[in-house]
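In the numbering used here, the protein residues as written are 1 to 1036.
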């Protein structure tokens, strides 16, 4: 940037006016590093803040000047720092997940660094400019349609469809004018509430292609959005079928008028329908740009003329031929007779009429389906949708009322049925008072004309019948074309979200408009299959069911987003209510089952199946849905409520803080704790990071650890903590981890199996961590695996010095190659889910519990929780207790009785009577060899007092201390011999952990832990409660 402005003029905009300067002007200095200009105080007053505008010696085009001005604006810094940018829209256009990592806003670390600020500012300015230009280059051109052309006219055109022109007169005949108006108003109420909800959702952020599916999925999440996408795509395809079948009916009637019948009435509809949808498909594949604009021309020309033709024709005095068909013009007696319902046939019910009329309201979503092509969706969708509902409702009411005032229900169409004179004896029906005798056809139920018998009554009322036919053609074909083009685009959006398998094939787009040609073919095949049904009324019932389901979820999305009080729910459309949205959702479900209960059940089952699939697979998408906000609200509310609940022994749960380091480095430790805490109690994986390693640990370590646990299906939190030592980190985690009553009460450690080769300070640090655990009144578990816990020692970048690694499990050939990058290793760690002993089926192996000391019952509770898991369900728990040989049976019976009172199905109790015998010589020799490096003999103390010795070397074992704890040491060795003798084939061994005394050297206590669990061929757990009861046999 520096030096790039030579040959240009600079216009400085001052409060008093513009001043033209050149780069050589002495009071203008260019910062070559930043490309900025500074003024000297002798030339500009302090209160005049200059605004710089560039121009070349030769006047550049105005667009270039505007572009340069915008670039300078993008690089404008705040008054705090040259790197700190002022608020601007471009910095917020990269908040979508797909733009992750591309944000141009400087990080906190960059703002805090002193070195390289100027270079960073320059690079950020360039990145913002390039991103701004690239964003405008990549984005689609601005939308073409406003609220009238894009939403209102489009919705009205689809709502004024085949139902209005082919079925409204028949519905009026069956239900009567009053109930027909009630059906129209109730449908308008449901669609109005839905329009309010969709307006609120549409104005809560920028909406792209995908229509209602996009909005629902981004509002309620993929679990609900996925099923809606499937149902909504299918519903739009069926709506296309409805319009095509309506068009085919009119064509068939015209063919019958001219005597041109291909096969029969039903098959003619099928043939014409298949040909029509094929032609529409070809038009869709051609990608005609004028197709959308043609809606406006058709609306203005054809519909205006058709409606004018209808209303003008209704005021023209009817000819005898029309009177023979039951058309008598506006008459009060005709209006009164048609007010009440006259149900006829199997379909003559209110529910069936409602179900038949409701598809005329589905066009309200047509504007939403093209939200990506609107200039301003936030304004166009609310205004256009509500106006469309208003005008179509007025039209429906007017046409049903006018046709019910002009046409009687039954007429023969025979002009010879006119009455001569005033003779009406034996005449039946309203026609008698109008001079016509339709008695014969009424009694024989063979009338072919009138509201109840002829679906083409609107075309007979009009002044020129072929204009009505043209209106039907326009309504049906335009609606069919609109639904045929919207359904594939919605399905393409669903496929690209990759929520379901095997549908990604249909996500591919072609051409500059990204046309979903493959989805077009799929929707065409589905449409052809349903066109073969050939029955308009049956198809209308199915469509009502699917669109009502969509309306329900749209309203529920608005309600759920409102009720969760998420800060991200800020719709600019305020004329909605969460309670009206809830009413819309409930009434939609009610109408679904009212219309077609079996179809509603099928739809619900489909949604539940699709919901279950997405919920089980957990797609890797993050749309900031209201479900996420609801989960947060529930968790927060329950956590606060739990804080007021007093602890009770019956509700005790081992809430574990597990010092795993990186969890993928110790999967056995994670799996062990997860086996008895999953879906039962709290588990937190703690990673203590040494201060000297803080800068070398990867930034994404926490995300990688959580991803690893999610892939392993471990229900746990992950917390990293920086500390100088293991002890300090563990102590702080025990005090600060958790929230309210969701706080750890049990610390779980891995056994320090390499303690004999470790430094004395690290041993003391480990033992002091155990001391601190008891000082915090926490329970403690120490897991020892026969092969150690660490499985990723070759990944040096992940080794945490707070957890010194055990000996590598694998051979040297498994070490990572020298040239392998850290990113490659990280990827392998993420996807390598090593199987541990706790993931195997244990079969009938035993869980041996050595309950040596009463700790409150945690030693029994953990194995009980394990046996509730599928892998441990068939494992038998054996309880070993210490007793005397002369009353061994009494001790066993007392323990069995206690276990029964605890309601624990542990009936195998073994009494250890030889625990006080002297251990074998080789076992003692091994123990003495393990502590030998830490022995400090009397001749080495040099007259140092015990206090000074303990302060200087707390891990060293003096001869006096060794002798003082000799008996205890021998009993630990003897207990190990008993354990190895009895639990050789066990799946898991749990041993009561001895509580360390304050004067016990750390190395000696470490040797006790090692002695108790050495030589076992299965996982061993040293466990100790906090001396408070966690089991009870009382019910209060």
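Just so it is clear, CB atoms sit at the ideal spot from N, CA and C, and this is done for glycine as well.
Residues that residue i bridges to, as DSSP identifies them
| i | result |
| --- | --- |
| residue 436 | 418 |
| residue 879 | 849 and 909 |
| residue 935 | 957 |
| residue 510 | 515 |
| residue 145 | 374 |
| residue 542 | Answer is none; residue 542 lacks a bridge partner. |
| residue 407 | 327 |
| residue 742 | 739 |
Opening and closing residue of the beta strand (DSSP E) in which residue i lies
| i | result |
| --- | --- |
| residue 784 | 779-784 |
| residue 656 | 656-659 |
| residue 85 | It is not in any beta strand (DSSP E) - residue 85 carries neither H nor E in the DSSP assignment. |
| residue 748 | 746-750 |
Option nearest residue i by Cα separation, candidates the options
| i | options | result |
| --- | --- | --- |
| residue 1026 | 968, 891 and 853 | 853 |
| residue 244 | 909, 539 and 402 | 539 |
| residue 866 | 579, 839, 890 and 885 | 839 |
| residue 786 | 346, 910, 984 and 163 | 984 |
| residue 845 | 835, 860 and 878 | 878 |
| residue 1040 | 880, 934 and 183 | This structure cannot speak to residue 1040, because the chain is shown only from 1 to 1036. |
| residue 334 | 451, 753 and 350 | 451 |
| residue 904 | 711, 876 and 918 | 876 |
| residue 317 | 324, 309, 308 and 328 | 328 |
| residue 368 | 651, 360, 571 and 379 | 379 |
| residue 957 | 931, 976, 841 and 258 | 931 |
| residue 436 | 919, 322 and 457 | 322 |
| residue 324 | 912, 1005 and 448 | 448 |
| residue 340 | 180, 1018, 221 and 591 | 180 |
| residue 1005 | 837, 873, 986 and 752 | 752 |
| residue 1047 | 1018, 149, 330 and 532 | Beyond the ends of the chain as shown, which are 1 and 1036, falls residue 1047; an answer cannot be given. |
| residue 1024 | 856, 989 and 961 | 856 |
| residue 432 | 419, 444, 443 and 226 | 419 |
| residue 157 | 590, 84, 212 and 306 | 306 |
| residue 277 | 572, 478 and 702 | 478 |
| residue 1021 | 598, 275 and 860 | 860 |
| residue 242 | 542, 106 and 522 | 542 |
Unbroken alpha helix (DSSP H) run spanning residue i, endpoints
| i | result |
| --- | --- |
| residue 272 | 265-286 |
| residue 722 | Unbroken run through residue 722 is the beta strand (DSSP E), 717-723; no alpha helix (DSSP H). |
| residue 789 | Per DSSP, residue 789 belongs to no alpha helix (DSSP H) and is neither H nor E. |
| residue 621 | Taken as a continuous stretch (DSSP letters only), residue 621 belongs to no alpha helix (DSSP H), as it is neither H nor E. |
| residue 714 | Counting along the chain, residue 714 falls outside any alpha helix (DSSP H), and DSSP gives it neither H nor E. |
| residue 684 | Where residue 684 is concerned, there is no enclosing alpha helix (DSSP H), although the beta strand (DSSP E) it sits in stretches over 683-690. |
| residue 427 | Unbroken run through residue 427: none, as it is neither H nor E. |
| residue 257 | 222-257 |
| residue 1043 | Residue 1043 cannot be examined here, being either before or after the span of the chain that is shown, 1 to 1036. |
| residue 505 | Counting along the chain, residue 505 falls outside any alpha helix (DSSP H), and DSSP gives it neither H nor E. |
| residue 667 | 667-677 |
| residue 837 | That residue, residue 837, is in no alpha helix (DSSP H); it is neither H nor E in DSSP. |
| residue 755 | First-last for residue 755: undefined, no H or E at that position. |
Residue-chain proximity (residue i, chain D), Cβ-Cβ < 8 Å
| i | result |
| --- | --- |
| residue 721 | Checking the listed chains, one finds no chain D in this structure; it contains a single protein chain. |
Mind listing, in chain order, the continuous alpha helix (DSSP H) runs of no fewer than 4 residues lying wholly within the segment 956-1030?
959-964, 966-982 and 1002-1013
Alpha helix (DSSP H) runs contained entirely in the segment 442-475, provided each spans 4 or more residues
457-461
Residue ranges of each alpha helix (DSSP H) within the segment 556-605, 4 or longer
578-595
Touching or not, the segment 597-608 and the segment 224-232, by the rule of three or more beta carbon pairs under 8 Å?
yes
Does the segment 162-177 come into contact with the segment 342-353, if we say contact requires no fewer than three beta-carbon pairs (one atom in each stretch) closer than 8 Å?
yes
With a cut-off of 8 Å, do at least 3 Cβ pairs link the segment 517-531 to the segment 548-558?
no
Whether or not the segment 628-640 and the segment 246-261 are in contact is what I'm after, with contact meaning three or more pairs of Cβ atoms, one per stretch, closer than 8 Å; do they touch?
no
Below 8 Å, can you find three or more Cβ-Cβ pairs linking the segment 720-738 to the segment 760-772?
yes
Touching or not, the segment 186-202 and the segment 403-416, by the rule of three or more beta carbon pairs under 8 Å?
no
Under 8 Å, with one C-beta from each stretch per pair, do the segment 750-763 and the segment 971-981 reach the 3-pair mark?
no
State whether the segment 506-525 contacts the segment 278-285, with contact taken as three or more CB pairs (one from each stretch) at a distance under 8 Å.
yes
Does the segment 210-226 touch the segment 193-201, meaning 3 or more C-beta pairs lie closer than 8 Å?
yes
Contact between the segment 655-669 and the segment 743-750 is defined here as three or more beta-carbon pairs at a separation below 8 Å; is this criterion met?
yes
The segment 963-979 contacting the segment 998-1018, beta-carbon criterion three pairs below 8 Å
yes
Are three or more beta carbon pairs between the segment 256-274 and the segment 638-654 nearer than 8 Å?
no
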